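**Student:** Residue numbers (the UniProt record's numbering), protein chains in the order written: chain Y, 1 to 192; chain E, 1 to 192. Where is the CB? At the ideal position from N, CA and C, for every residue including glycine. Quantities reported herein were computed from a predicted structural model and do not represent experimental measurements.
Protein chains: 2
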Amino acid sequence: MARSDSAGGSGGNSRLSVQDWVQAGFRILADDGLKALTIDRLCKRLGVTKGSFYWHFTDMKAYRNALVDTWAAVRDADRGDFDALSDIPPRERLSHMMTALVGPSHWMLERAMREWARSQDSVAAAVRSSDQRVLAAVRQVFLDDGFAPDEADMRANATFAAGIGVLHLAGSRPSSRAVDWREQFLDVMLRH
Amino acid sequence: MARSDSAGGSGGNSRLSVQDWVQAGFRILADDGLKALTIDRLCKRLGVTKGSFYWHFTDMKAYRNALVDTWAAVRDADRGDFDALSDIPPRERLSHMMTALVGPSHWMLERAMREWARSQDSVAAAVRSSDQRVLAAVRQVFLDDGFAPDEADMRANATFAAGIGVLHLAGSRPSSRAVDWREQFLDVMLRH
DNA sequence: ACCTGAACACCGTTCAAGT
DNA sequence: ACCTGAACACCGTTCAAGT
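What follows is the structure, encoded as structure tokens:
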């Protein structure tokens, strides 16, 4: 096998960084799903052998943790965008958040993370702490809309749970019907 | 398929039925979770070799289908119990349904089914059709409570999605706090 | 009809050896 | 420091052969 030059990545350097492995993993997840994410496939994509993987990561568990950490950072960045929009009315803000949660690009990743969380405590902890931050932002919307703290808490949890439920129930990408549905649902949740 | 020898007892060198394999699978799932459900482990539990498994099932996929079919039958039986309670007030009926969905014994199984559904279309179809029946029962509650068909539809979907979300967000068994939360949530959903 | 036993492919993991 | 190459264990799958 002739070793193909580099992985088409940044700089075309022959040596790999942790981030190279992480990015390759994200691409595989998006292209072919959870089951396709195997060490062999990663190595083929990066043009190295398995030993290289085990120099960068102690095992598959550690590699998943690296993926989850990067995912959590991206998620936090998204949440930062919400904070920037804190001057627009609560109703619209909530609509934005729901769209982002169930939304297009994160869709596959969200599912993968939650799937790993079920069999790996370290992933579960990272997902939970990321969820907490999103929940706090949703709760703030209800507070801003004039609900008492307890009520805001309950409604934020309900809204978030429904979002996660939709994520798991959806067989495919959210349809336009789902968008209508979402708006009606938010009407109910924001009703005083 | 209706041949049931001395199932349940260990030690009988009698021949195995499909249901013997299914029941052994449920026990492994409940005891040690999804990852423990391997052909080797099933064989050790039943005291046979792998060849036996492959005489009863064409592959692991087919075996999972058998498990899902049995699960769907049990779920339908539960739903039958709801129908019997159609004379009690909507609010209480909904409370019962939510408790059963998120509830104790089916908990582990529900998750396993939905996990398989993600990577196997036949399982996804079975889960979806079972979900549809539950959804219809929830929708009926809202109709009985006086909501218009469209409203009932939307609220049933929201209630169900929230239930599934809670199922996936829960790290452990539902706490007593979760029960309070559930009642408050139902109050909002049933508010006219 | 129902099962054994041995084989094979695939994948995660290890490690001595190379640059 | 970073990677190769060969080995091993585990698990799903196949199949000829046994009862």
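Taking only the alpha-carbon atoms, compute the straight-line gap between Leu-42 of chain Y and Ile-88 of chain Y and give it to the nearest angstrom.
**Tutor:** 43 Å
**Student:** Please list, in chain order, the chain E residues whose beta carbon lies closer than 8 Å to that of Lys-35 of chain Y.
**Tutor:** Ser-119
**Student:** Kindly say whether Gly-163 of chain E, judged by its beta-carbon, lies nearer than 8 Å to any beta-carbon of chain Y.
**Tutor:** yes
**Student:** Could I get the ranges of all uninterrupted alpha helix (DSSP H) runs contained in the UniProt domain "HTH tetR-type" (15 to 75) of chain Y, with 4 residues as the minimum, in chain order?
**Tutor:** Listed in chain order, they are 18 to 32, 39 to 46, 50 to 56.
**Student:** Report, in whole angstroms, the separation of the C-beta atoms of Ala-126 of chain Y and Ala-178 of chain Y, which I expect to be a contact under 8 Å.
**Tutor:** Not quite, the Cβ-Cβ distance comes to about 28 Å (not below 8 Å), so this is no contact.
**Student:** Would DSSP call Pro-89 of chain Y helix, strand or coil?
**Tutor:** Here Pro-89 of chain Y sits in coil by DSSP.
**Student:** Which of helix, strand or coil does DSSP assign to Ser-176 of chain Y?
**Tutor:** helix
**Student:** Nearest-angstrom Cα distance between Gly-8 of chain Y and Ala-77 of chain Y?
**Tutor:** In this prediction, Gly-8 of chain Y scores a pLDDT of 36, lower than 50, which makes its location untrustworthy; the coordinate-derived value is nonetheless stated afterwards. Cα-Cα distance, rounded: 27 Å.
**Student:** Which residues in the same chain have their Cβ closer than 8 Å to the Cβ of Arg-79 of chain Y, if we skip the five residues on either side of it in sequence?
**Tutor:** Arg-133, Val-134, Ala-137
**Student:** According to DSSP, is Arg-111 of chain Y helix, strand or coil?
**Tutor:** helix
**Student:** Could you confirm whether any beta carbon from chain E is found closer than 8 Å to the beta carbon of Arg-155 of chain Y?
**Tutor:** Yes, its Cβ sits closer than 8 Å to a Cβ of chain E.
**Student:** Is the number of C-beta pairs between the segment 153 to 171 of chain Y and the segment 152 to 170 of chain E that are closer than 8 Å three or more?
**Tutor:** yes
**Student:** If you reduce the DSSP assignment to three classes, tell me which class Arg-155 of chain E lands in.
**Tutor:** It is helical.
**Student:** Should Leu-169 of chain E be flagged as near chain Y, meaning a C-beta pair shorter than 8 Å?
**Tutor:** yes
**Student:** Identify which residue in Y:Glu-110, Y:Ser-122, Y:Gln-120 has its Cα closest to the Cα of Arg-118 of chain E.
**Tutor:** Y:Glu-110
**Student:** If we call anything under 8 Å between Cβ atoms a contact, is Arg-45 of chain E one with Ala-24 of chain E?
**Tutor:** yes
**Student:** Can you list the residues of chain Y that Phe-185 of chain E reaches, using a CB-CB cut of under 7 Å?
**Tutor:** Met-154, Ala-158
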